[in-house]
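J.: Residue numbers (my numbering): 13 to 563. All residues carry an ideal CB built from backbone N, CA and C; glycine is no exception. A single structure is presented below for examination.
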């Protein structure tokens, strides 16, 4: 229940305080005085968009603060606990709009996000506006109303979990399928490259070995000649290196005992002789084993190197990296095979989710049909009470492609006249009929929910006289279970309130502003009389106003 509403610096409101009764509260006033502006301020508490253009004084911040009695609302307590907010019997909600455009929200003086504010305040206030009446013709709005009237929120939430999961899986399947043709071409190309490398079977270091062997074959005669030449210089003839070194050894051996230095030189000559003798042996072996020209082997090597050079150029890598490339291609082939397996698994998962969604949507449809039947009768009966004796109201539920809201197309069908078949809301309802229908729907919703405060903004548009009185009695009945605030232009409804507020323009100061005051019993008589007769209040209007208040 709304205990108090304080508004500062909003639109035409410089400062306003409202303390409504727990029952049926009436708000009246002259046109343009600011009645609906108050609802705009309340909209800020609901998380609506803030605009600095609405500031009364552009240099000061706007503050809208509502105090609510929430002691008995367990669902609100759960929201508080889930968001680490302290729950108190009296809940203070505040919204601030600063001149720089920044907006802040507070719950019990704790800062909260707008998203959280939008979770909390709709559990406290339900505002009906003329804009909402226009929505009544929209099928999406009708579906939401039907779901609000039903006790199947958990079933709808369960359906949406499956629907979102199915949508996610279908998107993944589509992405894989869209890329399958491209992947197939890429897979074929990579498989071709892999087969080519496997067939080539290039080994690490093979290129260098082949290049060395080819160079040796190309210069075979020169190599053999130079080997024999080097061998001859070391071991053949009187001037051979080994022979001369042996003579030097002999000479130093004869004088080695005369000096340690001579002894060291003799040892070094001995070591050199051993090394050169070993070199001569290897030269001899090399000369004996030197390749001779072999055109067949040379051609074979050149062909093998041509394969390696072509692969290097094609893949833009060195020969020693071809083995790494081979490993990488094998991994990519495995990835393609994995994608195929993943697509198959997703398709299987999609089929299972489609079955589950079918069961869930069927259950949801049945529950909606069960809800619709008694609601149709209840709303039709209420319309009869509201002076529409031939009114017919029905809810059409037909199958459609599954969406986030289920697989049902909901259409409210309505007829106000005798002999007329019910048609969709867009085709048949007038302004006054819409108002009565919306009130009937709100009455039914109010009987099924625990909303603390219901606010109606001129829901009596298009009606007057006895019809307005009947609408007032419905709202009066609602006020026994909920706090009701209604902005009205009809005297019949205004007279039924337990507390009556009057909104008027004040022309003091430099700017016109809106003010609200609680009317005394005598003031109520004057205001209702004026609503009946206009600016010129007659004795008959005064008497009529008194009778309305007594009734």
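Which word fits residue 565, buried or exposed, when buried means at least 16 other C-beta atoms lie within 10 angstroms of its C-beta?
T.: Look at the range of the chain in this structure, 13 to 563, and you will see that residue 565 is not part of it.
J.: In angstroms with no decimal places, state the Cα-to-Cα distance between residue 64 and residue 529.
T.: 27 Å
J.: Quick one: grab the DSSP three-state call for residue 19.
T.: strand
J.: Hey, quick one: how far does the beta strand (DSSP E) through residue 499 stretch, first residue to last?
T.: 495-499
J.: Starting from residue 528, follow its DSSP beta bridges and name the residues at the other end.
T.: 515
J.: Could you tell me the boundaries of the beta strand (DSSP E) in which residue 446 lies?
T.: Note, residue 446: premise wrong, no beta strand (DSSP E); alpha helix (DSSP H) at 443-460.
J.: If the criterion is Cβ atoms closer than 8 Å, does the pair residue 167 and residue 375 meet it?
T.: yes
J.: Whose C-beta lies closer than 8 Å to the C-beta of residue 203 among residues of the same chain, with five residues either side of it excluded?
T.: 345
J.: For residue 35 and residue 360, what's the separation of their Cα atoms in angstroms?
T.: 58 Å
J.: Leaving out five residues on either side along the sequence, give the residues of the same chain with a beta carbon under 8 Å from the beta carbon of residue 493.
T.: 458 and 459
J.: I need the DSSP call for residue 117, collapsed to helix, strand or coil.
T.: strand
J.: Specify the secondary structure class of residue 432 as computed by DSSP and reduced to three states.
T.: coil
J.: Round the Cβ separation of residue 465 and residue 38 to the nearest angstrom and send it over; I've been treating them as touching at under 8 Å.
T.: Incorrect: roughly 14 Å between the Cβ atoms, too far for contact.
J.: State the DSSP-derived secondary structure class of residue 26, mapped to helix, strand or coil.
T.: Of the three classes helix, strand and coil, the one that applies to residue 26 here is strand, per DSSP.
J.: Give the straight-line distance between the Cα atoms of residue 153 and residue 100, rounded to the nearest whole angstrom.
T.: 34 Å
J.: Pop quiz: residue 405 and residue 426 are said to be a contact at Cβ under 8 Å. What is the actual Cβ separation, rounded to whole angstroms?
T.: 5 Å
J.: Which same chain residues end up closer than 6 Å to residue 317 when comparing Cβ atoms and leaving out the 5 residues on each side of it in sequence?
T.: 222
J.: Three Cβ pairs or more, each shorter than 8 Å: is that satisfied between the stretch 175-185 and the stretch 436-447?
T.: no
J.: Would you tell me roughly how many angstroms separate the C-alpha atoms of residue 67 and residue 481, rounded to the nearest one?
T.: 37 Å
J.: Pairing CB atoms from the stretch 78-88 with CB atoms from the stretch 129-140, are three or more of them under 8 Å?
T.: Yes: at least three Cβ pairs fall under 8 Å.
J.: Closest to residue 541 by C-alpha separation, out of 533, 535, 532 and 557, would be which residue?
T.: Nearest of 533, 535, 532 and 557 to residue 541, Cα basis: 557.
J.: If you pair each beta-carbon of the stretch 470-486 with each one of the stretch 161-176, do three or more pairs fall below 8 Å?
T.: no
J.: Got a sec? Which residues, its chain only, sit under 6 Å from residue 535 by beta carbon, not counting five neighbours each side?
T.: none
J.: Please identify the residue among 51, 45 and 14 whose C-alpha is closest to the C-alpha of residue 33.
T.: 14
J.: Could you give the residue range of the alpha helix (DSSP H) that holds residue 138?
T.: Not the alpha helix (DSSP H): residue 138 falls in the beta strand (DSSP E), residues 137-140.
J.: In chain order, which beta strand (DSSP E) runs of at least 3 residues are fully inside the stretch 392-424?
T.: If we require 3 residues or more, the beta strand (DSSP E) runs fully inside the stretch 392-424 come out as 404-415.
J.: With H, G and I counted as helix, E and B as strand and the rest as coil, what does DSSP make of residue 41?
T.: strand
J.: Please name the residue, chosen from 412, 525 and 562, that lies closest to residue 537 on a Cα-to-Cα basis.
T.: 562
J.: Can you give me the C-alpha to C-alpha distance between residue 386 and residue 161, rounded to a whole angstrom?
T.: Rounded to the nearest whole angstrom, the C-alpha separation of residue 386 and residue 161 is 11 Å.
J.: The ligand FAD and residue 254: does any heavy atom of the ligand fall closer than 7 Å to the residue's C-beta?
T.: Only the bare structure without any ligand can be found here, which leaves the ligand FAD out of the picture.
J.: Can you say whether residue 479 is buried or exposed, counting buried as having 16 or more other CB atoms within 10 angstroms of its CB?
T.: buried
J.: What is the DSSP secondary structure of residue 491, reduced to helix, strand or coil?
T.: coil
J.: Going by DSSP in three states, residue 465 sits in which element: helix, strand or coil?
T.: strand
J.: Only counting the same chain, and skipping five residues up and downstream in sequence, which positions put a Cβ closer than 8 Å to that of residue 341?
T.: These residues qualify, in order along the chain: 202, 205, 206 and 209.
J.: Determine contact between the stretch 92-111 and the stretch 52-62, defined as no fewer than three beta-carbon pairs at a distance below 8 Å.
T.: yes
J.: Between the C-alpha atoms of residue 179 and residue 103, what's the straight-line distance to the nearest angstrom?
T.: 40 Å
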